[in-house]
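Trainee:
In my numbering, the protein residues as written are 26 to 185.
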């Protein structure tokens with residue numbers, strides 16, 4: 026049989042959009058404009074002494090404290106701190122920071138060649154700590170959810 030038709034989409038949930046990007050003379054992203062059902066603009070502030078850039082959301086950009094000595098970004102947004110290992114590989118992200126309860130976070134493990142081999146995500150929900158894990162193998166991801174569900178994601182290359 027032929028291909029099955031795609032389900033009809035609710036036009037209220039999907040809309041066309043255009044994104045426009047502006048760069049400086051050296052190729053640094055300065056602005057991204059999203060035009061669609063909801064319009065927004067993200068301006069970037071570029072450090073004049075390097076190629077580092079950050080969102081110019083709150084107008085107070087401090088490049089000296091936003092990056093470590095190796096140039097690794099230390100926060101995605103306020104409260105989402107990141108830490109890096111001695112090989113400059115992402116080691117830990119705090120995805121949700123709480124004052125009186127444990128944070129939600131992700132931890133990353135790498136093999137001897139520097140390839141990510143494991144990601145452990147923890148999240149607090151309804152008084153429980155949920156742990157999800159992804160193991161990365163060549164051509165295969167094994168994803169285990171907090172409920173014990175296991176999903177194998179296979180990456181295959183098309184050949185002749």
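C-beta: ideal position from N, C-alpha, C; glycine also.
Out of 106, 152, 142, which one is the CA nearest neighbour of residue 126?
Mentor: Nearest C-alpha to residue 126: 152.
Trainee: Taking the beta carbon of residue 118 as the centre, do at least 16 other beta carbons fall within 10 Å, making it buried, or is it exposed?
Mentor: Buried, because 16 or more other Cβ atoms sit within 10 Å of the Cβ of residue 118.
Trainee: Would you mind working out which of 174, 89, 78 sits nearest residue 157, comparing C-alpha positions?
Mentor: For the residues 174, 89, 78, the minimum Cα distance to residue 157 belongs to 174.
Trainee: Just curious, the alpha helix (DSSP H) that residue 47 is in, first and last residue?
Mentor: Segment 43-48 is the beta strand (DSSP E) holding residue 47; no alpha helix (DSSP H) there.
Trainee: Find the nearest neighbour of residue 97 within the set 112, 86, 103, 104, judged by alpha-carbon distance.
Mentor: Checking every option, the nearest Cα to that of residue 97 belongs to 112.
Trainee: Quick one: what does DSSP say residue 51 is sitting in, helix, strand or coil?
Mentor: Coil.
Trainee: Given this structure, state the Cα-to-Cα distance separating residue 181 from residue 170, to the nearest angstrom.
Mentor: Straight-line Cα distance between these residues: approximately 23 Å.
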